[in-house]
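Protein chains: 2
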Amino acid sequence: MGETKAFEALTPDTLPQRLGSLPALKDRIGADTTQWRVREVGDGNLNLVFIVDGGAGSAIVKQALPYVRLVGESWPLPLKRTFFEYHALVREGERAPGMVPQIFHFDAGQAIIVMEFLSPHIILRRALIEGQQLPKIGRDLGLFAARTLFRGSDFAMEARKRKEDLALFADNVELCDITENLVFSDPYYEAKLNHHTSPQLDGLVAELRADRDLKVEAQKLKHLFATRAETLLHGDLHTGSVMVTPQDTRVIDSEFAFYGPIAFDVGMMLANFWMSYFSQRGHEANGSRDAMRAYLLGVVEEIWATFRDEFSHLWRTERSGILYQRALFEDRDDALGAEQALDHVLHDIWVDLLGFAGVEIHRRILGLAHNADFETIGDVELRSRCEASALKFGRHLAVNRRHIHSLVEVHGLAQRLEKETVI
Amino acid sequence: MGETKAFEALTPDTLPQRLGSLPALKDRIGADTTQWRVREVGDGNLNLVFIVDGGAGSAIVKQALPYVRLVGESWPLPLKRTFFEYHALVREGERAPGMVPQIFHFDAGQAIIVMEFLSPHIILRRALIEGQQLPKIGRDLGLFAARTLFRGSDFAMEARKRKEDLALFADNVELCDITENLVFSDPYYEAKLNHHTSPQLDGLVAELRADRDLKVEAQKLKHLFATRAETLLHGDLHTGSVMVTPQDTRVIDSEFAFYGPIAFDVGMMLANFWMSYFSQRGHEANGSRDAMRAYLLGVVEEIWATFRDEFSHLWRTERSGILYQRALFEDRDDALGAEQALDHVLHDIWVDLLGFAGVEIHRRILGLAHNADFETIGDVELRSRCEASALKFGRHLAVNRRHIHSLVEVHGLAQRLEKETVI
């Protein structure tokens with residue numbers, strides 16, 4: 000750690016003086032700090048984010064605050080989350096090269112990561128709200144998920160290293176706690192920080208909170224999340240954690256990283272595309288979003304197909320860990336045994352990702368942290384209609400996940416619910 | 000740790016001089032070390048075990064060796080396993096009071112635990128081989144499993160403490176590695192250290208090793224074992240890890256402790272009673288073991304019924320962790336929701352324990368570490384017949400575990416297989 004000075008939040012004014020002597024920064028953006036222009040642009044729920052333009056180049060300076068930015072100092076949150084973000088970024092960069100920002104500097108004590116300024120990238124969620132159809136995200140995100148999740152698991156890693164890493168990330172308690180509460184529990188009872196579009200959704204919300212099968216299923220998914228230490232997850236892989244251009248896709252904001260079930264990252268990602276799908280009707284002021292809706296379901300299909308293909312490829316070529324060892328299958332002339340196991344593993348991921356997607360949709364409409372997809376719909380009636388369809392969709396996925404065979408059924412349901420107007 | 004002297008294995012000769020000044024020992028057994036009588040009695044696979052009789056009392060001194068005793072110095076094994084044994088014993092003692100030996104002293108550097116000498120206790124496995132019907136073990140072991148496994152999980156523990164503890168035990172890599180290899184993989188291919196009753200079992204062994212469904216299932220169970228960090232397991236809960244009198248039951252040898260699936264401990268325990276059942280025909284020289292066989296199946300039924308009852312009781316009274324929170328059920332007038340979740344949780348434990356039991360039976364007949372139940376049958380033909388029935392039974396459980404409803408079917412199968420004579 001090395002850093003002994005007390006934590007102090009950066010400001011646009013103090014940043015040049017405090018970070019001006021860092022070679023990692025001045026060598027890249029220009030050494031004359033009087034020329035530096037600093038803007039605070041953080042729009043997330045947790046941290047400070049600065050763009051520093053030094054004349055010769057730009058960089059991002061991200062700093063954690065000792066509390067949840069969205070809520071304020073009443074909700075303390077430890078600075079060590081930057082430590083986990085840094086370590087997760089390093090691993091993601093190794094496992095899915097080119098898909099995370101480059102890191103220039105890390106200061107654990109001040110909870111600062113200095114990293115590549117991605118330009119002209121914008122947040123994927125924003126692009127989708129604007130109706131942009133990005134051609135590469137389906138494939139890129141499918142690859143990112145398959146590569147990081149496979150390569151961080153006992154399918155590929157040396158068991159000793161994985162267990163060491165598991166112990167390292169087990170200390171990311173507070174951010175796990177946020178997910179455990181905000182995703183899996185709070186939406187299903189009258190927790191203090193919840194809010195929803197009211198009174199329009201009141202009836203449906205009461206119905207969902209009285210829905211025993213849904214509550215039990217949400218808790219079974221929480222049980223899986225909290226105890227299935229299968230791989231290093233990103234932990235917050237939604238469309239607000241992805242920056243894009245038509246040619247490039249980068250995943251950011253990995254401070255929720257910890258060892259959990261493979262299906263969690265994949266399910267959360269698909270859920271956010273599905274929410275975008277259900278929100279499109281709220282963004283049709285300048286014309287129909289029919290093509291955008293079709294595009295979004297196509298992206299989901301491409302993510303899942305790419306994920307399966309790449310996961311299967313890695314299964315066949317990089318399965319060097321302690322699980323499903325080649326010694327038992329390929330090396331004994333039973334490659335088909337390994338294929339059988341692969342089908343089982345992918346089946347379990349599929350069943351669980353549907354569940355994780357369902358609760359992720361619920362928490363973004365019923366819980367504390369909502370999505371801009373819905374929040375930017377000014378017409379409250381229209382918004383509540385979009386949200387209601389998404390809530391019903393999420394409930395169906397979570398409760399019936401063991402009996403849904405493919406995206407054909409899922410998208411048939413999505414289309415029917417999206418067209419319904421009655422809450 | 001405090002201890003800086005290099006590790007040195009105790010001997011009966013050096014023990015009094017080396018440990019004679021420990022108040023924990025001399026105050027209990029007598030301070031005059033010239034009176035101490037020391038016997039090495041370790042019959043396990045890993046460690047040295049001494050009984051020290053000091054005139055005024057006795058104690059057990061257990062010391063790890065830096066290698067696997069069963070194999071020799073060619074298989075190094077770190078001394079830190081004593082650290083995990085100690086910490087697991089402490090937790091077991093808190094969670095299931097009175098069911099583990101009392102600890103008098105712990106020396107991490109010399110890998111020594113000084114503990115209560117249990118007398119007139121004998122190893123449960125030995126008692127069962129002798130045909131003893133102990134009246135209390137079914138209930139005691141059911142209670143031990145339910146209490147340690149429930150209270151060490153996210154059902155009951157504070158999440159932060161559980162994650163800290165998970166990180167602590169994640170370092171018990173080498174002993175997990177033994178289980179991962181010896182239980183789940185080695186039995187299913189021609190691994191170097193394997194042995195089985197040959198040539199009698201050769202055909203059946205070849206059949207099992209060519210059995211694709213079995214191999215895939217064994218690996219799925221390994222996947223569960225390695226990644227489902229649900230509770231602090233004993234990790235080696237077989238009948239050789241239990242000391243008994245007709246009135247008292249104590250669980251020892253917890254050095255394999257780590258966070259894994261609840262079903263593992265329960266499944267391994269039942270497997271060892273089932274192996275005892277299948278071995279009885281090899282011990283009928285002095286009379287029929289019909290009554291013993293009925294007794295053993297009864298013990299299994301009592302363990303499982305007690306486990307379910309106690310687990311359900313703790314679910315209703317001590318469910319204070321982050322999973323299946325009362326806020327969602329009882330506190331919202333939906334106690335039946337919590338009962339529904341309990342049924343699901345117990346169902347999953349049942350399905351998985353059958354699988355773990357199946358592979359445990361296989362590894363004790365096909366792998367490195369066999370059981371005295373079978374090994375003490377001098378007549379090789381008779382032994383191989385007993386083992387063959389057990390192997391077939393294990394295969395059935397592992398592969399069909401999702402479709403077996405209750406112990407009625409399991410014990411019907413056991414009885415049919417036990418009577419078959421043809422391998």
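In the order they appear, the protein sequences are chains A and B.
Read in order, the letters of the first sequence correspond to residues 0 to 422 in numbering that gives the first Met the number 0.
Read in order, the letters of the second sequence correspond to residues 0 to 422 in numbering that gives the first Met the number 0.
Yeah, the Cβ is synthetic: ideal placement off N, Cα and C, and Gly gets one too.
Predicted model, so just to flag it, every value in this text is computed and none were measured.
Which residues in chain B sit within 8 Å of A:Gln132, going by Cβ to Cβ distance?
Within the first sequence, numbered from 1, the residue matching residue 132 of chain A stands at position 133. Result: empty, since nearest Cβ-Cβ is about 38 Å, beyond 8 Å.
Quick check on DSSP: helix, strand or coil for A:Glu419?
Here residue 419 of chain A refers to the residue found at position 420 when the first sequence is read from its first residue. Looking at A:Glu419 - three-state DSSP - the assignment turns out to be coil, as it is neither helix nor strand.
Within 8 Å of any Cβ in chain B, is that where the Cβ of A:Thr226 sits?
Within the first sequence, numbered from 1, the residue matching residue 226 of chain A stands at position 227. Closer than 8 Å: yes.
Who are the near neighbours of A:Ala356 in its chain, counting only those whose CB is closer than 6 Å to its CB and skipping five residues on each side?
Working through the first sequence from its first residue, we reach residue 356 of chain A at position 357. Cβ within range, chain order: Gly266, Leu269, Ala270 and Leu396.
For the structure I just gave you, are there three or more beta carbon pairs, one from the stretch 234-249 of chain A and one from the stretch 363-380 of chain B, closer than 8 Å?
no
Determine which residues of the stretch 314-325 of chain B have a Cβ less than 8 Å from any Cβ of chain A, and write them out in chain order.
Ile321, Leu322, Tyr323 and Gln324
Label A:Pro100 either buried or exposed according to how many other C-beta atoms from any shown protein chain fall within 10 Å of its C-beta, with 16 as the threshold for buried.
Position 101 of the first sequence holds residue 100 of chain A. So A:Pro100 counts as buried.
Cross-chain neighbours of A:Val215 in chain B, by beta carbon under 7 Å:
Start at 1 with the first residue of the first sequence, and residue 215 of chain A comes out as number 216. Those are Gly336, Gln339, Ala340 and His343, listed as they occur along chain B.
Proximal residues of chain A, C-beta to C-beta of B:Gln218 below 8 Å
Indexing the second sequence from 1 puts residue 218 of chain B at position 219. Within 8 Å Cβ-Cβ: Leu322, Tyr323, Gln324, Leu327 and Ala340.
Can you list, in chain order, the residues of the stretch 146-159 of chain A whose Cβ is nearer than 7 Å to any Cβ on chain B?
Asp153, Ala158 and Arg159
So what does B:Asp12 bridge to, in DSSP terms?
Here residue 12 of chain B refers to the residue found at position 13 when the second sequence is read from its first residue. DSSP, once it has assigned bridges, lists no residue as partnering B:Asp12.
Distance between B:Ser319 and B:Leu313 (C-alpha atoms, nearest Å)
Residue numbering aside, residue 313 of chain B sits at position 314 when the second sequence is read from its first letter. Residue numbering aside, residue 319 of chain B sits at position 320 when the second sequence is read from its first letter. Distance between the alpha carbons of B:Leu313 and B:Ser319: 10 Å.
In this structure, how does DSSP classify B:Phe328 when only helix, strand and coil are distinguished?
For the purposes of this step, residue 328 of chain B is identified with residue 329 of the second sequence, where counting begins at 1. Looking at B:Phe328 - three-state DSSP - the assignment turns out to be coil, as it is neither helix nor strand.
Indicate whether A:Pro245 and A:Leu133 have their beta-carbon atoms separated by less than 8 Å.
Taking the first sequence and counting its residues from 1, the one referred to as residue 245 of chain A is at position 246. Taking the first sequence and counting its residues from 1, the one referred to as residue 133 of chain A is at position 134. In this structure, A:Leu133 lies closer than 8 Å to A:Pro245 by Cβ.
Under 7 Å from the C-beta of B:Asp333: neighbouring residues of chain A:
In the second sequence, the residue the question calls residue 333 of chain B occupies position 334. In chain order: Arg211.
Out of curiosity, what's the CA-to-CA distance linking A:Ala293 and A:Glu417?
For the purposes of this step, residue 293 of chain A is taken as the residue at position 294 of the first sequence. For the purposes of this step, residue 417 of chain A is taken as the residue at position 418 of the first sequence. If you take the alpha carbons of A:Ala293 and A:Glu417, they lie about 12 Å apart.
7 Å Cβ shell around A:Asn44 - same chain, five flanking residues per side excluded
The residue given as residue 44 of chain A occupies position 45 in the first sequence. Cβ within range, chain order: Val67, Arg68, Leu69 and Ala368.
Measure how close the beta-carbons of A:Leu117 and A:Ile136 come, nearest whole angstrom, since I'm counting them as under 8 Å.
On the first sequence, position 118 is the one that residue 117 of chain A refers to. On the first sequence, position 137 is the one that residue 136 of chain A refers to. Not a contact, Cβ separation roughly 14 Å.
Classify A:Pro75 as buried or exposed, calling it buried when 16 or more other Cβ atoms lie within 10 Å of its own Cβ.
Position 76 of the first sequence, counting from 1, holds the residue named residue 75 of chain A. Classification of A:Pro75: exposed, given that the 10 Å Cβ count is below 16.
List, in order along the chain, the chain B residues whose C-beta lies closer than 9 Å to that of A:Ser184?
For the purposes of this step, residue 184 of chain A is taken as the residue at position 185 of the first sequence. Residues of chain B passing the Cβ test: Ile321, Gln324, Ala326 and Leu327.
Looking at the C-beta of B:Ala166, does it have a partner C-beta in chain A at a distance below 8 Å?
Walking along the second sequence from the start, residue 166 of chain B turns up at place 167. Chain A, which has a Cβ nearer than 8 Å to the Cβ of B:Ala166, makes this yes.
What does A:Tyr188 touch in chain B if you count any residue whose Cβ is under 7 Å from its own?
Locating residue 188 of chain A in the first sequence gives position 189, counting from the first residue. Ala326, Leu327 and Arg331, listed in chain order.
Within chain B, the residues that A:Ala169 reaches when beta carbons sit closer than 8 Å
Position 170 of the first sequence, counted from the start, is the residue given in the question as residue 169 of chain A. Those within 8 Å of A:Ala169 in chain B are Lys162, Glu163, Leu165, Ala166 and Ala169.
When you compare each of A:Arg325, A:Ser311, A:His233 and A:Glu338 to A:Glu84 by their alpha carbons, which one comes out closest?
As a working mapping, residue 84 of chain A is identified with position 85 in the first sequence. Checking every option, the nearest Cα to that of A:Glu84 belongs to A:His233.
Which bits of chain B does A:Ile176 rub up against, with CB to CB less than 9 Å?
The sequence position of residue 176 of chain A within the first sequence is 177, counting from 1. Inspection of the sequence shows that residue 176 of chain A is occupied by Asp rather than by Ile. Result: Ala158, Arg159 and Ile321.
Between the beta-carbon of A:Glu254 and the beta-carbon of A:Arg90, is there less than 8 Å?
Position 255 of the first sequence, counted from the start, is the residue given in the question as residue 254 of chain A. Position 91 of the first sequence, counted from the start, is the residue given in the question as residue 90 of chain A. Not a contact, by the Cβ cut-off of 8 Å.
Would you mind reading off the limits of the alpha helix (DSSP H) that contains B:Gln218?
Within the second sequence, residue 218 of chain B is the residue found at index 219, counting from 1. From DSSP, the alpha helix (DSSP H) with B:Gln218 extends over Arg211 to Thr226.
So which residues of chain B does A:Glu179 contact, with C-beta pairs closer than 8 Å?
Within the first sequence, numbered from 1, the residue matching residue 179 of chain A stands at position 180. Under the 8 Å cutoff, chain B gives Ala158 and Ile321.
Please go through the same chain and pick out, in chain order, the residues whose beta-carbon is closer than 6 Å to the beta-carbon of A:Ala110, but skip the five residues on each side of it.
Working through the first sequence from its first residue, we reach residue 110 of chain A at position 111. So the list reads Gln62, Ala63, Leu78 and Thr81, once near-sequence residues are dropped.
Examine the Cβ distances between the stretch 402-412 of chain A and the stretch 9-29 of chain B and report whether three or more of them are shorter than 8 Å.
no
Please classify B:Gly1 as buried or exposed, where buried requires at least 16 other C-beta atoms within 10 Å of its C-beta.
Walking along the second sequence from the start, residue 1 of chain B turns up at place 2. Unreliable positioning characterises B:Gly1 in this predicted model, as indicated by a pLDDT of 45, which lies under 50. A coordinate reading is not provided.
Pick helix, strand or coil for A:Thr33, following the three-state DSSP scheme.
As a first step, residue 33 of chain A is located in the first sequence; it is residue number 34 there, counting from the start. DSSP places A:Thr33 in helix when its eight states are reduced to three.
Counting only the same chain and skipping the five closest in sequence on each side, list residues whose C-beta sits under 7 Å from that of B:Leu181.
Indexing the second sequence from 1 puts residue 181 of chain B at position 182. The answer, listed in chain order, is Arg362, Gly366, Leu367 and Ala368.
Looking at A:Ser184: is its Cβ nearer than 8 Å to the Cβ of B:Leu327?
Position 185 of the first sequence holds residue 184 of chain A. Position 328 of the second sequence holds residue 327 of chain B. Cβ distance < 8 Å, so A:Ser184 and B:Leu327 count as in contact.
Let me know if A:Arg36 comes out buried or exposed under the rule of 16 or more other beta-carbons within 10 Å of its beta-carbon.
Position 37 of the first sequence holds residue 36 of chain A. Answer is exposed; the Cβ neighbour count stays below 16.
Can you tell which of A:Leu381, A:Ala87, A:Ile28 and A:Gln279 has its C-alpha closest to the C-alpha of A:Thr147?
Stepping through the first sequence from its first residue, residue 147 of chain A is reached at position 148. Here the closest residue by C-alpha is A:Ala87.
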